Amino acid sequence: MSIFKAHIAAMSAYKPPLDGRDPHAHLLLDFNERTLPIAEVVQEALIAYIRSGRLQMYPAYGDTVELIAGYCGVPAEQVMITNGSDQGIDLIIRAACREGEEAIIPGPGFPIYAHCAKIENLKIREPQYTREQGFPTEQVLAAITPKTRLICFGNPNNPSGTVVPRADIIRMLEAAPQAAVLVDECYYEYFGESAADLVGRYPNLVITRTFSKTWGMPSLRLGYIISHPDNIRALLNVRGPYDINQMAVVAIRAALAHPEYTHAYVAEVMREAKPMLENFLAEVGVEFWPSGANYVWMFPANAEAVNHALLKHNILVRPKADADGRMGLRITVGTIEQTRLLLSVLRTTL
Ligand SMILES: Cc1ncc(COP(=O)(O)O)c(C=O)c1O
Numbered sequence: 117m118s119i120f121k122a123h124i125a126a127m128s129a130y131k132p133p134l135d136g137r138d139p140h141a142h143l144l145l146d147f148n149e150r151t152l153p154i155a156e157v158v159q160e161a162l163i164a165y166i167r168s169g170r171l172q173m174y175p176a177y178g179d180t181v182e183l184i185a186g187y188c189g190v191p192a193e194q195v196m197i198t199n200g201s202d203q204g205i206d207l208i209i210r211a212a213c214r215e216g217e218e219a220i221i222p223g224p225g226f227p228i229y230a231h232c233a234k235i236e237n238l239k240i241r242e243p244q245y246t247r248e249q250g251f252p253t254e255q256v257l258a259a260i261t262p263k264t265r266l267i268c269f270g271n272p273n274n275p276s277g278t279v280v281p282r283a284d285i286i287r288m289l290e291a292a293p294q295a296a297v298l299v300d301e302c303y304y305e306y307f308g309e310s311a312a313d314l315v316g317r318y319p320n321l322v323i324t325r326t327f328s329k330t331w332g333m334p335s336l337r338l339g340y341i342i343s344h345p346d347n348i349r350a351l352l353n354v355r356g357p358y359d360i361n362q363m364a365v366v367a368i369r370a371a372l373a374h375p376e377y378t379h380a381y382v383a384e385v386m387r388e389a390k391p392m393l394e395n396f397l398a399e400v401g402v403e404f405w406p407s408g409a410n411y412v413w414m415f416p417a418n419a420e421a422v423n424h425a426l427l428k429h430n431i432l433v434r435p436k437a438d439a440d441g442r443m444g445l446r447i448t449v450g451t452i453e454q455t456r457l458l459l460s461v462l463r464t465t466l
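Note that the sequence shown covers residues 117 to 466 in the working numbering.
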């Protein structure tokens, strides 16, 4: 018998396949990460902080929230920082939902949403994305009941890359004023569109974002939430005072002072490398989902063999099955040069 809640003891841990990944031995196209090291100025800022004799102090964040709010173009009262967006997602679901209430989480989506909902013992409804229709807006709207406390989705979604039309986000916000509508903008800089300007109009809108992806710092864990000031005040009652690592704050401040390294990378991936991969897949007749982010979910007939061939060339991608159990590969897009290497292997196996 467990001393813990029965439904929690019965869950399994969320364990992504991280073992053995090495950026010096592999081309890492499996976690939607930045595929290049972060800028030298950011590395220097971290080293300087380590040498400054301050590691024995608890973290203090100064005006970091103001800086991030400035970057987002929203008032600072609408922003709080979190330990990665994973913590933001967890805080929002914990603070908004009670056991037995309902969550609408379209699938397939980022597994953390359902994981956090299960910890709260919520009843999960899972309308399905489709390659042809994209986000299942009508099914989400039809699934709303007075017990719905959460509607949660990525924009763009992971693994499919599907984007949600702004008008549909507004329909959901208006149809479920009693629910937190969590829009996960993890890949915001790749997509380039945000619902952040709707925060003033819709007190049920909660947006999570991160410095893990475009900014290339998932190891440091810094995310943030954008929402109505009342929501931010409530969520700050739940977050711990030191949950964000000081090194993350040092790095992000340096990165925000030099955004050009992120902008240049995003431009190379989205304007050049990703179209190269998409054009190639279209040419060879391999089906893939339209994606607004830095990854493409593709479905070659011989997915396992393709994965195997890529592995043999030290290229890691992520096998992900669709709702019908058909195996696909989610491939992170890197630089032009890395994409050429990827295509050279794909050409021989597709
Ligand atoms: C859609 C989505 N949301 C959130 C995250 C987690 O990001 P973070 O590193 O900020 O916790 C990921 C990471 O893969 C993701 O794909």
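The beta carbon of each residue, even a glycine, is placed where N, CA and C say it ideally should be. All values reported here derive from a predicted model rather than from experimental measurement.
Report task. Look up P435 in the DSSP assignment and give the residues it is bridged to. Result -> L445
Query - Limits of the beta strand (DSSP E) - the one that A141 falls within - result: Segment: none, A141 is in no beta strand (DSSP E) and carries neither H nor E.
Report task. State whether the stretch 258 to 270 contacts the stretch 218 to 225, with contact taken as three or more CB pairs (one from each stretch) at a distance under 8 Å. Result -> yes
Report task. Give every residue of the same chain whose Cβ lies closer than 6 Å to the Cβ of V400, excluding the five residues on either side of it in the sequence, and list them in chain order. Result -> L466
Query raised in the report: Hey, would you say the C-beta of C188 is under 7 Å away from at least one heavy atom of ligand 1?
Result: no
Requested in this report: Just jot down, in chain order, the residues whose CB lies closer than 6 Å to any heavy atom of ligand 1.
Outcome: These are the residues, in chain order, with a beta carbon less than 6 Å from any non-hydrogen atom of ligand 1: N148, G200, S201, D202, F226, G270, N274, D300, C302, T326, S328, P334, G339.
Report task. State the start and end residues of the unbroken beta strand (DSSP E) segment that holds E218. Result -> 218 to 220
Query raised in the report: Between the C-alpha atoms of A141 and H344, what's the straight-line distance to the nearest angstrom?
Result: 45 Å
**Report entry** Validate contact between the stretch 348 to 359 and the stretch 194 to 209 using beta carbons, cut 8 Å, 3 pairs
**Finding:** Yes, the stretch 348 to 359 touches the stretch 194 to 209.
Query raised in the report: Helix, strand or coil for A383 per DSSP?
Result: helix
**Report entry** Cβ-Cβ separation, T324 to G339 (assumed contact under 8 Å), whole Å
**Finding:** 6 Å
Query raised in the report: In this structure, what does DSSP give as the bridge partners for C479?
Result: The requested residue 479 does not occur in the structure, where the chain is confined to residues 117 to 466.
Query - Nearest-angstrom Cβ-Cβ length linking R446 and V433, presumed shorter than 8 Å - result: 7 Å
Query raised in the report: Under a three-way DSSP split, which group does Y177 fall into?
Result: coil
Query raised in the report: What separation, rounded to the nearest whole angstrom, lies between the Cα atoms of C213 and L336?
Result: 28 Å
Query raised in the report: Run through DSSP, which three-state label would M117 get?
Result: Three-state result, M117: coil.
Query raised in the report: Where does I197 fall in DSSP's three states?
Result: strand
**Report entry** Contained beta strand (DSSP E) runs [length at least 3] in the stretch 281 to 351, N- to C-terminal order
**Finding:** 296 to 300, 321 to 326, 339 to 343
Query raised in the report: Do you know whose CA, among G408, E160, M392, W413, lies nearest I452's CA?
Result: Checked all of G408, E160, M392, W413; the closest Cα to I452 is M392.
Report task. Take N418 as the anchor and find which of E384, A176, N199, L462 has the nearest alpha-carbon. Result -> Selected option, being the one with the closest Cα: L462.
Query - Reference M386, options G356, G450, I205, closest by Cα - result: G450
Query - Distance CB(S328)-CB(P319) smaller than 8 Å - result: no
Query - Cutoff 8 Å; reference A437; Cβ partners in own chain excluding five residues on either side - result: M443, G444
Query raised in the report: Would DSSP call I240 helix, strand or coil?
Result: strand
Query - Distance, T464 Cα to A233 Cα - result: 43 Å
Query raised in the report: When the distance is taken between beta carbons, is P293 closer than 8 Å to V256?
Result: no
Query raised in the report: To which residues of the same chain is L144 closer than 8 Å at the C-beta, ignoring the five residues directly before and after it?
Result: Correct list, in chain order: R137, T151, L432, T448.
Requested in this report: Determine contact between the stretch 169 to 182 and the stretch 359 to 370, defined as no fewer than three beta-carbon pairs at a distance below 8 Å.
Outcome: Contact between the stretch 169 to 182 and the stretch 359 to 370 is present: three or more C-beta pairs spanning the two stretches fall below 8 Å.
**Report entry** Secondary structure of M363, DSSP reduced to three states
**Finding:** helix
Requested in this report: Would you kindly work out how many angstroms separate the C-alpha atoms of K412 and G277, rounded to a whole number?
Outcome: It should be pointed out that residue 412 corresponds to Val in this sequence rather than to Lys. Taking the straight line joining both Cα atoms gives about 7 Å.
Report task. Could you give the DSSP three-state label for M392: helix, strand or coil? Result -> helix
Query raised in the report: Are three or more beta carbon pairs between the stretch 365 to 374 and the stretch 233 to 246 nearer than 8 Å?
Result: no
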